[in-house]
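To convert, take the position in the sequence shown, counting from 1, and add 60; that gives our numbering.
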Amino acid sequence: MEIQNIKNPHFLKKMKIKDLELLSSDIRNFIIDKVSHTGGHLSSNLGITDLTIAIHKVFNSPRDKIIFDVSHQCYTHKILTGRAKQFDTLRQINGLSGFQKRKESPYDSYEAGHSSTSLSAALGMALARDKQNKNYHIVAVIGDGSMGNGLPYEAINHIGVTKTRLIIILNDNEMSISKNVGALHNNLDKIRSNYAYHNAKDKTKRFLNKIPLIGSPLSKSVTALKSSFKKLYLKEGFLFEELGLKYYGPINGHDYKEMLAYLEMAKKETEPVLIHVITKKGKGYPPCEEDTIGMWHGIGPFNKETGKPLVAKDDTVTWSEVISNHLIELTERNNNLMVITPAMTGGSKLLKYKELYPHNFIDAGIAEEHALILANGMSIGGLIPFVSIYSTFLQRGYDEVLHDIARMNTHVILGIDRCGIVGEDGETHQGIYDLTFLMPIPNLIISTPKDSIEAGNILYTAILSKKPFAIRYSKDRLKYQKKNYQIIPIGSWEYLEKGQDAVLITYGNLLNNAKIIKKNLANTLDLAIVNARYQKPIDTNLYDEILTTYQSIFIYEEQTLINSLGFYLTTYAKTKNYQGNIKIFAIPDEFIEQGKKNEILSLLELDPTSITNKIIQSVKHK
């Protein structure tokens, strides 16, 4: 089938199972081809292709509302709803989002980039439907990894009370980004493996229905005894029914006959239903199917024939690898150091650490709040926890950082990964808010190192500090270098470049841009560069010196303007009655969509050329 000619899912209604299977294959090949050029979330989309097609065949979107939890697995959904022609622009500036996006299509009824929100949203939409006496279906598709978060259980607790008509599809592929952990995962694993119940039930029904006259009534009696049967054969599956949901499953998420039958049954129910569907993550592409560490969850451009990433080989590594390498070396010195991640073992490059120090490593699952309180308890117990967490996911743990870690002044180190402009994943993943919401928190030390050596020294300082400490680092690549660890005094800044006419204050990766800006200005003014490696507390001694030395101060940040370091420094300067010119170059008060980082910085006029021109104009009009 010509995938790019699909305008809407209505054509699925007339398709037979054989045609659906061919369509699945075509769509998978299409996704593999497009993602090999643009990068994106591959494994999850290949695994859910059949299920998505089945959902769209049975239900009538956009009237019926389909919500994908996280929604990074919505590529097939986008194809079926007429967006295949846009796939060359996937995750690009002004292109197709890698997630559901309401303004992109009426078929996208909800949008999210974080996990576990779908059930609460679905219930809210269902209650709104019922309040307005409308009649349509709401289908929430949630992964087994997302069920490890507390939010779905808050939602299920409420759903079970309201008894609102709602269909939940548990897409169980046994793996999220990292391999799932916890009691729920173990429970689902038992359900998956216990086909004795299902086989016994089906065989019994088939046998009884063959008996003349009495067979059918007996079969109905067996159905009436279903609850007791379940308790006997599949106690674990009874969990969901105890929570107030009618449970179907587990069923094969690649068997159209089975999926369509159960979806049609669920469609007729007047109470909340959970359909437990087993799928194979990465189905149809061997490198994905064989992936056990989440490498193919989110992938950059790759050679689809070989499965090899299309990245230039050089001597650089990611910031995540830098931090992981330092953690390994510092754990050798101090066995009280513990590393915790909320399901980002692979993404945060902690696989080697886990292998070397399995007793010092904990994957808490997709449960950011739990991970942070777990760390706080460990600290109180005498350990030194390092929580590796993406900037965008730290938002979920704000209360825990403020109310518990900082308020109790415990020795918890936050490794805030993916700070600044992240790029292709768009609004939901940009790490441009963490400094904004962390700055007002008392007791918390915040730092953004400029390179791998400074990162190691700051981590070393954090371990010795006995204070709540946040270390921020980006998604960029850099050279890994290591020297003997040294303490960097908390709150200390440094001059990277001297200059007579004006000063540029920045931190982290932007120091590389600062050097370019200084070079650009060589014939215009002599620019000093200051590495503000600690954003909290600030180096008041050095900043006081700056206030008395320079009439033009420029502050450059890959962070939102509101409540930025620049905001704080401007306020401080006013208390010192500073009469000079302070300009802040930071991200405006808006959500930043997807695209390559350098392109986004250019659009925001935060690239070196734009900053150079702004400084020249500012000095001219001084």
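Backbone N, C-alpha and C fix where the C-beta goes; we use that ideal spot for every residue, glycine too.
The beta strand (DSSP E) spanning residue i covers which residue range?
{"i": "Lys306", "result": "306 to 312"}
{"i": "Tyr628", "result": "Premise fails: Tyr628 lies in the alpha helix (DSSP H), 625 to 635, not in any beta strand (DSSP E)."}
{"i": "Met398", "result": "397 to 401"}
{"i": "Thr376", "result": "376 to 378"}
{"i": "His336", "result": "333 to 338"}
{"i": "Phe421", "result": "421 to 423"}
Give a yes or no on whether the C-beta atoms belonging to residue i and residue j are separated by under 8 Å.
{"i": "Leu498", "j": "Ala530", "result": "yes"}
{"i": "Gly491", "j": "Arg478", "result": "yes"}
{"i": "Ser534", "j": "Gly480", "result": "yes"}
{"i": "Ala588", "j": "Thr566", "result": "no"}
{"i": "Leu83", "j": "Ile115", "result": "no"}
{"i": "Ser512", "j": "Ile550", "result": "no"}
{"i": "Pro122", "j": "Ser175", "result": "no"}
{"i": "Gly342", "j": "Glu349", "result": "yes"}
{"i": "Ser678", "j": "Lys643", "result": "yes"}
{"i": "Ser384", "j": "Tyr413", "result": "yes"}
{"i": "His101", "j": "Leu230", "result": "no"}
{"i": "Ile126", "j": "Phe119", "result": "yes"}
{"i": "Val472", "j": "Ala435", "result": "yes"}
{"i": "Leu686", "j": "Ile228", "result": "Residue coverage of the chain in this structure runs from 61 to 682, which leaves residue 686 outside it and unanswerable."}
{"i": "Ser620", "j": "Tyr493", "result": "Residue identity differs from the one stated: residue 620 is Thr in this sequence, not Ser. Yes, they are a contact pair."}
{"i": "Ile476", "j": "Ser451", "result": "yes"}
{"i": "Asp129", "j": "Thr177", "result": "yes"}
{"i": "His386", "j": "Ala515", "result": "yes"}
{"i": "Arg532", "j": "Thr496", "result": "no"}
{"i": "Lys138", "j": "Lys73", "result": "no"}
{"i": "Phe362", "j": "Met398", "result": "no"}
{"i": "Ile613", "j": "Gly640", "result": "yes"}
Pull up the distance between the alpha-carbon of residue i and that of residue j, whole angstroms please.
{"i": "Pro576", "j": "Pro668", "result": "The question names Pro, but residue 576 in the sequence shown is Ile. When rounded, the distance between both Cα atoms is 6 Å."}
{"i": "Leu179", "j": "Asp536", "result": "34 Å"}
{"i": "Lys161", "j": "Pro648", "result": "22 Å"}
{"i": "Ile615", "j": "Lys223", "result": "55 Å"}
{"i": "Glu557", "j": "Ile91", "result": "48 Å"}
{"i": "Val563", "j": "Tyr610", "result": "7 Å"}
{"i": "Glu487", "j": "Tyr135", "result": "18 Å"}
{"i": "Gly442", "j": "Leu666", "result": "43 Å"}
{"i": "Gly203", "j": "Thr600", "result": "49 Å"}
{"i": "Ser206", "j": "Ile675", "result": "47 Å"}
{"i": "Gly354", "j": "Glu650", "result": "32 Å"}
{"i": "Gly568", "j": "Lys578", "result": "16 Å"}
{"i": "Gln146", "j": "Asn217", "result": "40 Å"}
{"i": "Pro502", "j": "Ala646", "result": "24 Å"}
{"i": "His419", "j": "Tyr345", "result": "34 Å"}
{"i": "Leu303", "j": "Ile219", "result": "9 Å"}
{"i": "Glu296", "j": "Asp110", "result": "Model confidence at Glu296 stands at a pLDDT of 48, short of 50, so the residue's coordinates are unreliable and nothing is read from them."}
{"i": "Glu62", "j": "Pro597", "result": "59 Å"}
{"i": "Ile237", "j": "Gly425", "result": "Legend: pLDDT at Ile237 = 44, less than 50; position of this residue unreliable, value from coordinates given subsequently. Going from the Cα of Ile237 to the Cα of Gly425 covers about 10 Å."}
{"i": "Ala326", "j": "Gly437", "result": "43 Å"}
For residue i, which residues of its own chain have a beta-carbon under 8 Å away from its beta-carbon, when the five flanking residues on both sides are left out?
{"i": "Pro500", "result": "Asn623"}
{"i": "Ile433", "result": "Glu460, Asp464"}
{"i": "Ile153", "result": "Glu653, Gln654, Gly655, Lys656, Glu659, Ile660, Leu663"}
{"i": "Leu183", "result": "Ala215, His218, Ile219, Thr222, Thr224, Leu226"}
{"i": "Asn394", "result": "Ile444, Ile523"}
Within the continuous alpha helix (DSSP H) that includes residue i, where are the two ends?
{"i": "Gln677", "result": "668 to 680"}
{"i": "Ala321", "result": "316 to 328"}
Using a Cβ-Cβ cut-off of 6 Å (strictly less than) and excluding sequence neighbours within five positions of residue i, which residues of its own chain qualify?
{"i": "Asp561", "result": "Leu585, Asp586"}
{"i": "Ile548", "result": "Asn517, Ile518, Thr521"}
{"i": "Glu484", "result": "Arg151, Gln654"}
Near residue i, what residues of its chain come up, given a Cβ to Cβ distance below 7 Å and the 5 sequence neighbours on each side ignored?
{"i": "Leu292", "result": "For Leu292, the pLDDT reaches just 37, beneath the cut-off of 50, and the residue's location in the model is therefore unreliable, although a value from the coordinates is still provided. Within the same chain, Leu292 has no close Cβ partners at all."}
{"i": "Ile77", "result": "Tyr316, Lys317"}
{"i": "Asn673", "result": "none"}
{"i": "Ser165", "result": "Thr141, Arg143"}
{"i": "Leu416", "result": "Ile388"}
{"i": "Glu301", "result": "Tyr307"}
{"i": "Asn583", "result": "none"}
{"i": "Asp351", "result": "Ser103, Gly342"}
{"i": "Ala186", "result": "Ile198, Thr224, Arg225, Leu226"}
Going by the C-beta, is residue i closer than 7 Å to any heavy atom of the ligand FAD?
{"i": "Asn503", "result": "Here there are no bound small molecules, and the ligand FAD is not part of this structure."}
Who does residue i pair with in a DSSP beta bridge?
{"i": "Cys479", "result": "Ser534"}
{"i": "Leu587", "result": "Ala562"}
{"i": "Gly184", "result": "Paired residues: none, contrary to the question."}
{"i": "Leu474", "result": "Val447, Ala530"}
{"i": "Ser612", "result": "Asn641"}
{"i": "Tyr413", "result": "DSSP, once it has assigned bridges, lists no residue as partnering Tyr413."}
{"i": "Gly100", "result": "Ile359"}
{"i": "Ser507", "result": "Ile531, Tyr594"}
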